[in-house]
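Here's the structure, in structure tokens; my notes come after.
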Amino acid sequence: MRSRQLATLLLALLLAATPLTGLAQQVRQPLDRIVAVVNEGAIMASQLEDRFIQTKRQLSARGVELPPDDVLRQQVLDRLVVEEIQLQMAREANLSVDDTELNRQVRAIAQGNNMTLDQFADALEADGLSLGVVRDQVRRELLMREIQQRRVGSRVSLSEREVDRFIEQQGGNMSRDQARQALFQRKANDEMEDWIQEIRSEAFVDERLEPGA
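Residue numbering for the sequence shown follows this note's numbering, starting at 1 and increasing by one per position.
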């Protein structure tokens with residue numbers, strides 16, 4: 001039960017709702033540079049620029065007021081650093097993604113774009129991408145979800161007394177299952193924030209983002 005609840009909370013797999021344009025990446029240039037060293041890994045300038053463009057597009061589509069580019073780019077880099085730490089943890093734990101689950105999630109993305117899988121692949125090709133690129137992105141998200149479930153899920157515990165108190169606070173207008181899930185998600189959010197801060201502080205991170213880049 002906890003695993004299913006935490007999966008819904010932590011990722012909600014927004015991938016299925018991600019617009020096709022949000023998956024597009026720029027064509028890689030022959031020359032690249034490192035913008036951050038994360039333990040034994042690295043984040044490249046091309047990765048940062050891809051995510052920066054994607055984030056701007058998504059926020060603009062939602063009507064969110066954008067911060068200055070240098071501020072947003074730094075925020076995006078910080079997010080990539082945390083993702084890289086989690087992926088390294090997943091590799092150290094020998095986690096892998098089952099092809100059946102991966103295929104299911106890729107089909108969900110296609111459906112979220114109102115396309116069949118073949119239509120989705122054709123659209124990606126027209127945008128200069130391949131289905132393999134998207135599969136790699138989805139695989140990364142699934143690996144992070146799994147390590148989050150393992151490391152954060154074990155921190156969350158609920159007592160029946162807490163559930164009773166929560167139902168009273170809500171005026172008794174929910175079932176025990178609803179109350180348990182809502183309370184679990186609230187506590188998991190707090191634990192997730194603490195865990196992210198912990199793994200970020202324990203990792204070796206050398207950011208090399210040039211001022212004004």
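Cβ coordinates follow ideal geometry from the N, Cα and C atoms, glycine included.
Problem - For L131 and L142, believed in contact at Cβ under 8 Å, the rounded distance - result: Going by Cβ atoms, the distance from L142 to L131 rounds to 16 Å, so no, they are not a contact pair.
Practice task
Return yes when the Cβ of I167 is within less than 7 Å of the Cβ of V82, no when it is not.
Solution key: no
Exercise for the section: Return the residue from the list D78, Q105, Q47, K56 that minimises the CA-CA distance to D69. Expected result: Of D78, Q105, Q47, K56, the residue nearest in Cα terms is K56.
Exercise for the section: Could you spell out where the beta strand (DSSP E) holding M44 opens and where it closes? Expected result: 41 to 44
Exercise for the section: Can you say whether V71 is buried or exposed, counting buried as having 16 or more other CB atoms within 10 angstroms of its CB? Expected result: Taking every protein chain shown into account, the CB of V71 has fewer than 16 other CB atoms within 10 angstroms, so this residue is exposed.
Practice task
From the DSSP output, read off the bridge partner residues of V205.
Solution key: V38
Handout entry: Alpha-carbon to alpha-carbon, D194 and D206
Key = For D206 and D194, the distance between alpha carbons rounds to 21 Å.
Exercise for the section: Take the Cβ of A61 as the centre, count every other Cβ of all protein chains shown within 10 Å, and call the residue buried at 16 or more, exposed below. Expected result: exposed
Practice task
Determine the DSSP secondary structure at A93, reduced to helix, strand or coil.
Solution key: coil
Handout entry: Touching by the beta-carbon criterion (3+ pairs, under 8 Å), the stretch 72 to 81 and the stretch 106 to 123
Key = no
Problem - Residue burial classification, R155 (beta-carbon count within 10 angstroms, cutoff 16) - result: exposed
Handout entry: First through last residue of the alpha helix (DSSP H) which encompasses M144
Key = For M144, the enclosing alpha helix (DSSP H) starts and ends at 131 to 153.
Handout entry: Minimum C-alpha distance to E40 - residue among A203, E210, E162
Key = The residue with the shortest Cα to Cα distance from E40 is A203.
Problem - Uninterrupted alpha helix (DSSP H) stretches inside the stretch 59 to 127 (no shorter than 4 residues) - result: 69 to 92, 99 to 112, 117 to 126
Exercise for the section: Helix, strand or coil for T210, going by three-state DSSP, please let me know. Expected result: Here residue 210 turns out to be Glu, not Thr, going by the sequence shown. In the structure shown, E210 sits in coil (DSSP, three-state: anything other than H, G, I, E or B).
Problem - At least 3 beta-carbon pairs within less than 8 Å: the stretch 111 to 118 vs the stretch 163 to 182 - result: no
Handout entry: Start and end residues, alpha helix (DSSP H) containing D164
Key = 160 to 169
Handout entry: Three-state class that DSSP yields for R180 in the structure shown
Key = helix
Exercise for the section: With DSSP as the reference, label D32 as helix, strand or coil. Expected result: Here D32 sits in coil by DSSP.
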